[in-house]
Amino acid sequence: MQPAPNTDALDQQFKEFIQALKGAVSSALPHLKDDPKIVDKAIGDCKEILDVVMEGNVKEWLS
Amino acid sequence: MFTDKIELKDFEKTDPEYQDLLKRVLAIQADCEIGGPNLYVKDILPNAPTKLDQLIVARTAAEEMDHFRKMAKLAGDVGVDVSYTLSRPNQERYVEAFRGQITTWEDFAVFGFLVDRVGRFQLEEFIDCTYLPLARVVEDPDIIREEEGHVDFGTNCAAEFAAKGGEFKERVQKAVDFWYVKGLDMFGNSKSYRSERYMHWGLKRRPNAVARQQYKDEIDALILKMGLTLPDPDKGRLYT
Chain Y
1 MQPAPNTDAL
11 DQQFKEFIQA
21 LKGAVSSALP
31 HLKDDPKIVD
41 KAIGDCKEIL
51 DVVMEGNVKE
61 WLS
Chain F
1001 MFTDKIELKD
1011 FEKTDPEYQD
1021 LLKRVLAIQA
1031 DCEIGGPNLY
1041 VKDILPNAPT
1051 KLDQLIVART
1061 AAEEMDHFRK
1071 MAKLAGDVGV
1081 DVSYTLSRPN
1091 QERYVEAFRG
1101 QITTWEDFAV
1111 FGFLVDRVGR
1121 FQLEEFIDCT
1131 YLPLARVVED
1141 PDIIREEEGH
1151 VDFGTNCAAE
1161 FAAKGGEFKE
1171 RVQKAVDFWY
1181 VKGLDMFGNS
1191 KSYRSERYMH
1201 WGLKRRPNAV
1211 ARQQYKDEID
1221 ALILKMGLTL
1231 PDPDKGRLYT
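Chains Y and F supply the protein sequences, listed in that same order.
Letter 53 of the first sequence, counting from 1, is numbered 53 in this note's numbering, and no numbers are missing.
If you count the second sequence from 1, you need to add 1000 to reach this note's numbering.
See below:
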């Protein structure tokens, strides 16, 4: 069976997006009460990553 | 009734109808998984009520993206490139519930309560299915546990809104009225020939009508427990 083009590359790219997002969330959760700067930075990072994902420019990601 | 268990290496030897149905359901499932974040990230991530809520929105999107990734990999392995689902406009999504935009917190909550719950039902359809790579994905406890987490968060938020009464209760009722019929429609046509074929090939477990009724029983009890009014189940429906 011939896989679709870029199947593994897309899978890898998504693993990186997901890891980055989950990492940002995990880094912020313990600091909700004591360090708003860390939390704001993490939320900003999540927004930046998700903006890229929602744009869905697969060709650019995999180039 | 087909009961063989199929691995990827055997996929090409299966009946063309089996191949078509599996490819179709994987593409739809991938589209739905990424369709959720595309509905709510833009407006809800920046405007969620608290920073904790913003982080929960981001984590929810990450988990849905991971579900997309798993479905996209299964589809890609059988030759179906679903990357088009990442850039298509919401209005072109396979399932009607994913064709709009979520702009309010109560809609985000009720989306979790009602539509993510359909997502859980749909994933459960594939448990012990004849295509083993798909069965393995949904039998991994992570995917169902994460979907249940989204459902529980949405259900709790909706219940909190309802418990506040007044304007809050009216707003959540309006959201329930909107998403209720969309959730019921997500199970498809009760007399669907394709639904029967999915069951014949061991790719799904329940007829559309049975799954829809089980879902309806579950949500009706919860809506009444929240002190909300049950919407008319036939008003605005696309499929019955």
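Don't be surprised by glycine CBs; every beta carbon is placed ideally from N, CA and C.
Enclosing alpha helix (DSSP H) for Trp61(Y) [first to last residue]: 58 to 62
Per-residue burial, Lys1013(F) [other beta carbons within 10 Å of its own, 16 or more giving buried]: Counting every other CB atom within 10 Å of its CB across the protein chains shown gives Lys1013(F) a total below 16, marking it as exposed.
CA nearest to the CA of Trp1105(F), picked from Ala1175(F), Asp1128(F), Gln1214(F): Its Cα nearest to that of Trp1105(F), the residue Ala1175(F) stands out among Ala1175(F), Asp1128(F), Gln1214(F).
Buried or exposed (CB count within 10 angstroms, at least 16 for buried), Ser26(Y): exposed
Terminal residues of the alpha helix (DSSP H) in which His69(Y) lies: Residue coverage of chain Y in this structure runs from 1 to 63, which leaves residue 69(Y) outside it and unanswerable.
Cβ neighbour criterion (16 or more within 10 Å) applied to Asn57(Y): Exposed: under 16 other Cβ atoms inside 10 Å.
Proximity to Lys1070(F) [Cα-Cα], best of Val1138(F), Ile1102(F), Glu1148(F), Leu1238(F): Val1138(F)
Start-to-end residues for the alpha helix (DSSP H) that takes in Pro1049(F): Here Pro1049(F) belongs to no alpha helix (DSSP H), and DSSP marks it neither H nor E.
Run of the alpha helix (DSSP H) containing Cys46(Y), from where it starts to where it stops: 36 to 55
Residues that Pro30(Y) contacts on chain F, provided the C-beta gap is smaller than 9 Å: The premise fails here: Pro30(Y) is roughly 11 Å from chain F at the closest Cβ pair, so nothing lies under 9 Å.
Contact list for Val53(Y) against chain F, beta-carbon separation under 7 Å: Met1065
Contact list for Pro1037(F) against chain Y, beta-carbon separation under 8 Å: Leu50, Val53, Met54
Option in Lys1169(F), Glu1064(F), Leu1074(F), Glu1096(F) with minimal Cα separation from Trp1179(F): When C-alpha distances from Trp1179(F) are compared across Lys1169(F), Glu1064(F), Leu1074(F), Glu1096(F), the shortest belongs to Glu1096(F).
Run of the alpha helix (DSSP H) containing Gln1122(F), from where it starts to where it stops: Looking at the DSSP string, the run of the alpha helix (DSSP H) that includes Gln1122(F) is 1116 to 1125.
Cross-chain neighbours of Cys1077(F) in chain Y, by beta carbon under 9 Å: In the sequence under discussion, the amino acid at residue 1077(F) is Asp, which differs from the Cys named in the question. Residues of chain Y passing the Cβ test: Met1, Pro3, Ala4, Thr7.
Where Ile1127(F) falls, given that 16 or more other Cβ within 10 Å makes a residue buried: exposed
C-beta neighbour in chain F for Ile18(Y), strict 8 Å: The Cβ of Ile18(Y) sits closer than 8 Å to at least one Cβ of chain F.
Unbroken alpha helix (DSSP H) run spanning Cys1157(F), endpoints: Segment 1141 to 1164, the alpha helix (DSSP H) holding Cys1157(F).
Anticipated Cβ contact below 8 Å, Asp1077(F) with Pro3(Y), distance rounded: For Asp1077(F) against Pro3(Y), the beta-carbon gap comes to about 5 Å, under 8 Å, which counts as contact.
9 Å Cβ cut-off: residues of chain Y touching Leu1008(F): Met1
Tyr1131(F) - partner residues in DSSP beta bridges: Ile1006(F)
Status (buried if at least 16 other CB within 10 Å, exposed otherwise) for Met1186(F): Classification for Met1186(F): buried.
Span separating the alpha-carbon of Gly1036(F) from that of Ala1061(F): Each residue's Cα considered, the two are about 8 Å apart.
Simplified DSSP state of Tyr1084(F), which is helix, strand or coil: DSSP places Tyr1084(F) within a helical segment (H, G or I) once states are collapsed to three.
Which listed residue (Glu1124(F), Val1115(F), Pro1207(F), Arg1136(F)) has its alpha carbon closest to that of Leu1008(F): Arg1136(F)
Within chain Y, partners of Gln1054(F) - CB distance below 7 Å: Ile43
Chain Y contact for Phe1161(F) (CB, 8 Å cutoff): Closer than 8 Å: no.
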